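S.K.:
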Amino acid sequence: MWTSIADVQPVILAFAEPLTQYLNGALDAELDFRAANREATVARIWADAFRNDWPGQLERLPQWSCLDKATYACIRSKAMYSNVMAYATSPNHWCIVGQHQYCNTNCALPAHPSWTPDIELSEADAAPMENLWLDVLAPFLECPIALAHAAIIGGHLQLLRYLIGEKSVVVADFGYIHEYGCSRPAMDIAAEYGHLEVLKLLHDGGALLCTTAAMDKAALNGHFHVVQDIVRFLQKHCNASFSPDVFEMAAAYNDLDLIQELHYVWHAPCTTAALDAAAAHSSVTIVDFLHRNRTEGCTALAMDSAAFRGALDVVRYLHEHRDEGCTTLALDAAARCGHLPVVQFLTEHRTEGGTVHAMDRAAHRAAHRGFDAVVRYLHEHRDEGCTTRAVDWAAAAGHLSIVRFLLEHRSEGGTYRGIYWAAARRDRDYPAILALLLLHDTTKMHSAAAVEHALRIGDRRTFNALLAAGCNGASDVNVDAITWRLLSRADALYDDPTTGEYGNTDRDEHKENFQFHINRF
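Following this line, the structure appears as structure tokens:
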């Protein structure tokens with residue numbers, strides 16, 4: 044019968060549940076190991092199997108590495124629960140069942156993990172908690188407050204009611220719940236996870252501690268209809284409100300629907316950080332919406348961040364529609380990250396330029412990453428120049444073409460560091476880079492310094508490479524008198540502003556990531 048309607052199978056499967064789609068091959072593309080949402084697709088398939096108490100062999104389902112509490116909570120029978128636990132603990136499957144610790148107190152706990160947990164529940168325990176399997180939960184019932192905390196986080200309403208009615212748990216005493224290294228109000232957590240009925244129970248029972256995080260997290264994490272109900276409840280019963288950060292967080296998540304809801308429905312407060320965050324996360328659509336519908340504006344950080352991300356469309360939009368402009372960081376960061384179109388646009392349309400020091404770093408950072416075109420453009424169109432780091436870092440990274448270009452077209456040259464780093468490697472283009480650097484070391488001063496450094500730290504392998512390359516001073520060494528040893532991380536060259544020393548890694552990258560708040564949320 045099924046094969047006789049092959050023409051309409053895709054239409055039918057489009058309306059089917061995830062398990063049916065999977066068993067009929069409709070989710071193969073989403074289950075590719077390179078697919079961005081593979082884990083979410085796997086979770087949907089298993090959740091569907093749990094809800095329907097599927098009698099098939101679990102080995103037929105896609106293998107998972109970790110399922111969350113919400114997926115385990117879909118289990119409906121002890122037979123399925125037993126099968127899943129056997130599957131998860133089988134040596135034939137590589138599965139992780141997450142563990143969470145809870146403390147049997149309502150007091151705020153320190154963020155430091157020095158507190159002693161009273162119970163430890165796994166993600167899989169969400170099944171007995173959701174189904175109120177008291178025999179399975181028996182080991183945890185001696186710590187009812189801790190179990191109640193887990194019930195609030197997981198939205199297990201029946202269990203929470205049982206603990207209140209049978210284990211003398213007092214709702215009014217609920218203050219803070221310790222989760223993921225910090226203590227937060229129970230009301231905030233229930234709202235964040237979208238547990239409206241739990242939220243109502245807490246409120247009606249007298250657990251009234253609530254912060255703006257309740258509204259913010261509910262909006263960011265919930266489905267549209269759930270968010271509306273929770274937000275209305277918090278506004279009506281807890282006098283809660285959104286914080287000015289909620290727009291910024293929504294922009295950081297690239298959630299235009301939420302941005303529009305916050306603006307049109309909830310009239311939430313906003314700051315310049317919202318448009319800055321939208322630009323930092325390359326969302327020209329949200330940038331456009333905030334520009335047209337909000338009055339807070341942005342700061343120069345918006346264009347700086349967009350340039351850092353290589354978001355040319357955002358940089359162009361801000362240039363054409365906003366007056367805040369940018370700083371020298373915009374061009375510097377775009378160059379360092381290899382975003383040539385952004386570097387070109389800023390050079391042609393903006394006047395901020397870059398500072399001498401910052402453009403030096405942008406040049407050698409681009410060289411360090413092998414962006415030939417960026418290095419050439421900076422040389423031909425900018426006046427800031429570069430430092431010896433450009434040649435040295437390009438040599439350390441094995442970029443022969445950039446080393447050659449910089450030596451032929453720039454006057455800064457390199458130092459002993461580039462020679463030493465090139466000699467330390469024998470793969471790829473490193474031998475050719477070493478030969479090129481030695482050819483341009485006309486005074487032989489840098490090669491001698493490289494030899495001296497290798498001897499000073501007892502690096503025999505690099506010394507031998509320098510000796511084979513004919514470096515000055517290497518042939519005069521009594522190798523038997525040297526204490527050769529295995530190198531450690533302490534032997535590496537590091538940045539030292541007081542001496543001008545520098546290593547072969549870009550130690551400012553994480554600082555700039557933070558500065559452009561890409562990973563703030």
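Going by our numbering, the first residue of the sequence shown is number 44, and it counts up by one from there. Even glycine gets a Cβ: it sits at the ideal position worked out from N, Cα and C. Treat the numbers as computed from the prediction; the structure is a model and nothing was measured.
Can you tell me whether K260 is buried or exposed? The criterion is at least 16 other CB atoms within 10 Å of its CB, across all chains shown.
M.R.: Along the sequence shown, one-based indexing puts residue 260 at 217. Buried, because 16 or more other Cβ atoms sit within 10 Å of the Cβ of K260.
S.K.: How about I188: is its C-beta nearer than 8 Å to some C-beta of chain B?
M.R.: The structure shown contains no chain B; it holds only a single protein chain.
S.K.: Take F564 and list the residues in its own chain whose beta-carbon comes closer than 6 Å to its own, dropping the five residues that flank it on each side.
M.R.: Stepping through the sequence shown from its first residue, residue 564 is reached at position 521. A caution first: F564 carries a pLDDT of 49, below 50, which makes its placement in the model unreliable, though a value can still be read off. For F564, where only same-chain residues beyond five positions count, the Cβ hits under 6 Å are M292, A295.
S.K.: Use the C-beta contact count for N619: other C-beta atoms within 10 angstroms, 16 or more gives buried, fewer gives exposed.
M.R.: No information on residue 619 is available, as it lies outside the stretch 44 to 564 that the chain covers here.
S.K.: Mind checking who S165 pairs with in its DSSP beta bridge?
M.R.: On the sequence shown, position 122 is the one that residue 165 refers to. BP columns for S165 point to Q142.
S.K.: Buried or exposed for M488, going by 16 or more other Cβ atoms inside 10 Å?
M.R.: Position 445 of the sequence shown holds residue 488. Taking every protein chain shown into account, the CB of M488 has fewer than 16 other CB atoms within 10 angstroms, so this residue is exposed.
S.K.: Taking C-beta to C-beta, are T431 and G456 nearer than 8 Å?
M.R.: Taking the first residue of the sequence shown as 1, we reach residue 431 at position 388. Taking the first residue of the sequence shown as 1, we reach residue 456 at position 413. In contact: T431 and G456 (Cβ atoms closer than 8 Å).
S.K.: How would you write the range of the beta strand (DSSP E) that H565 sits in, first residue to last?
M.R.: Look at the range of the chain in this structure, 44 to 564, and you will see that residue 565 is not part of it.
S.K.: According to DSSP, simplified to helix, strand and coil, what is D539?
M.R.: Within the sequence shown, numbered from 1, the residue matching residue 539 stands at position 496. In this structure, D539 counts as strand in the three-state DSSP scheme.
S.K.: Tell me the DSSP secondary structure of E367 in three-state form.
M.R.: In the sequence shown, residue 367 corresponds to position 324, counting from 1. In the structure shown, E367 sits in coil (DSSP, three-state: anything other than H, G, I, E or B).
S.K.: What's the gap between the Cα of A90 and the Cα of D168?
M.R.: Position 47 of the sequence shown, counting from 1, holds the residue named residue 90. Position 125 of the sequence shown, counting from 1, holds the residue named residue 168. One C-alpha to the other measures close to 15 Å.
S.K.: Locate the beta strand (DSSP E) running through R647, then write down its first and last residues.
M.R.: There is simply no residue 647 to check, as the chain begins at 44 and stops at 564 in what is shown.
S.K.: Express the C-alpha separation of N547 and A524 in angstroms, rounding to a whole number.
M.R.: In the sequence shown, residue 524 corresponds to position 481, counting from 1. In the sequence shown, residue 547 corresponds to position 504, counting from 1. Rounded to the nearest angstrom, the two C-alpha atoms are 29 Å apart.
S.K.: Starting from R227, trace the beta strand (DSSP E) in both directions and tell me its first and last residue.
M.R.: Position 184 of the sequence shown, counting from 1, holds the residue named residue 227. R227 -> beta strand (DSSP E) spans 225-228.
S.K.: Please go through the same chain and pick out, in chain order, the residues whose beta-carbon is closer than 6 Å to the beta-carbon of R352, but skip the five residues on each side of it.
M.R.: Position 309 of the sequence shown, counted from the first residue, corresponds to residue 352. For R352, where only same-chain residues beyond five positions count, the Cβ hits under 6 Å are S325.
S.K.: Check each candidate in V385, V214, I196, G543 and name the one with the smallest Cα separation from V358.
M.R.: For the purposes of this step, residue 358 is identified with residue 315 of the sequence shown, where counting begins at 1. Ranking the options by Cα distance to V358, first place goes to V385.
S.K.: Are the Cβ atoms of L421 and A409 separated by less than 8 Å?
M.R.: The residue labelled residue 421 in the question sits at position 378 within the sequence shown. The residue labelled residue 409 in the question sits at position 366 within the sequence shown. Result yes, Cβ atoms of L421 and A409 sit closer than 8 Å.
S.K.: Could you tell me whether the segment 137-147 touches the segment 100-114, where touching means 3 or more Cβ pairs closer than 8 Å?
M.R.: They touch, by the three-pair rule.
S.K.: Within 10 Å of its beta-carbon, does Q64 have 16 or more other beta-carbons around it, so buried, or fewer, so exposed?
M.R.: Start at 1 with the first residue of the sequence shown, and residue 64 comes out as number 21. Buried, because 16 or more other Cβ atoms sit within 10 Å of the Cβ of Q64.
S.K.: Looking at A320: is its Cβ nearer than 8 Å to the Cβ of D347?
M.R.: Taking the first residue of the sequence shown as 1, we reach residue 320 at position 277. Taking the first residue of the sequence shown as 1, we reach residue 347 at position 304. No; because the gap between Cβ atoms is not below 8 Å, this pair is not in contact.
S.K.: Hey, out of L509, E451, H483, whose CA is closest to P474's CA?
M.R.: Here residue 474 is taken as the residue at index 431 of the sequence shown, counted from 1. Minimum Cα distance to P474 is reached at L509.
S.K.: Round the Cβ separation of T541 and G501 to the nearest angstrom and send it over; I've been treating them as touching at under 8 Å.
M.R.: As a position in the sequence shown, residue 541 is number 498, starting the count at 1. As a position in the sequence shown, residue 501 is number 458, starting the count at 1. Rounded, the Cβ-Cβ distance is 25 Å, inconsistent with contact.
S.K.: State the Cα-Cα distance for the pair L175 and D272, rounded to the nearest angstrom.
M.R.: The sequence position of residue 175 within the sequence shown is 132, counting from 1. The sequence position of residue 272 within the sequence shown is 229, counting from 1. Cα to Cα, the separation comes out at about 26 Å.
S.K.: Using only the alpha-carbon positions, how far apart do F285 and M128 sit?
M.R.: If you number the sequence shown from 1, residue 285 lands on position 242. If you number the sequence shown from 1, residue 128 lands on position 85. Cα-Cα distance, rounded: 41 Å.
S.K.: Does A215 pass the burial test, meaning 16 or more other C-beta atoms within 10 Å, or should it be called exposed?
M.R.: Residue mapping note: residue 215 aligns to position 172 of the sequence shown, counting from 1. Classification of A215: exposed, given that the 10 Å Cβ count is below 16.
S.K.: Exposed or buried, which one is S490 when buried takes at least 16 other CB atoms within 10 Å?
M.R.: Within the sequence shown, numbered from 1, the residue matching residue 490 stands at position 447. The C-beta of S490 has 16 or more other C-beta atoms within 10 Å across all chains shown, which makes the residue buried.
S.K.: DSSP state of E60, grouped into three classes?
M.R.: Translated into positions along the sequence shown, residue 60 becomes position 17. Here E60 sits in coil by DSSP.
S.K.: Taking H306 as part of the alpha helix (DSSP H), name the residues at either end of that continuous run.
M.R.: Mapped onto the sequence shown, residue 306 falls at position 263. Per DSSP, the unbroken alpha helix (DSSP H) holding H306 starts and ends at 299-307.
S.K.: Starting from the C-beta of I462, find all residues in its chain whose C-beta is less than 6 Å away, skip the five residues before and the five after it, and write them out in chain order.
M.R.: For the purposes of this step, residue 462 is taken as the residue at position 419 of the sequence shown. Closer than 6 Å at the Cβ level, and outside the excluded window around I462, lie L480, H489, S490, A493.
S.K.: Looking only at its chain, what residues have a beta carbon closer than 7 Å to the beta carbon of H199, apart from the 5 residues adjacent to it on each side?
M.R.: Counting from one through the sequence shown, the residue named residue 199 turns up at place 156. Only M172, E173 meet the Cβ criterion.
S.K.: Tell me which same chain residues have a C-beta within less than 8 Å of the C-beta of G237, skipping the five on either side of it?
M.R.: Sequence index remark: in the sequence shown, residue 237 carries index 194 (1-based). Within the same chain, G237 has close Cβ partners G198, A261, N264, G265, H266, V269, V270, I273.
S.K.: Check the C-beta distance from L277 over to A234 and give it rounded, since I have them as a contact under 8 Å.
M.R.: Taking the sequence shown and counting its residues from 1, one reaches residue 277 at position 234. Taking the sequence shown and counting its residues from 1, one reaches residue 234 at position 191. So it is a contact: roughly 6 Å between Cβ atoms.
S.K.: Tell me, which residues are paired with C109 by DSSP?
M.R.: Within the sequence shown, residue 109 is the residue found at index 66, counting from 1. According to DSSP, which records beta bridges pairwise, C109 is partnered with I139.
S.K.: Quick one: what's got a C-beta closer than 6 Å to A467's C-beta in the same chain, skipping five residues either side?
M.R.: Against the sequence shown, residue 467 aligns to sequence position 424. So the qualifying residues of the chain are T505.
S.K.: What residues in its chain sit with their C-beta under 8 Å from that of R37, if we drop five residues either side in the sequence?
M.R.: This structure cannot settle anything about residue 37, because the visible part of the chain is limited to 44 through 564.
S.K.: Do you know how far the Cα of L244 is from the Cα of C225?
M.R.: By one-based count along the sequence shown, residue 225 stands at place 182. By one-based count along the sequence shown, residue 244 stands at place 201. If I take the Cα positions, the gap works out to 23 Å.
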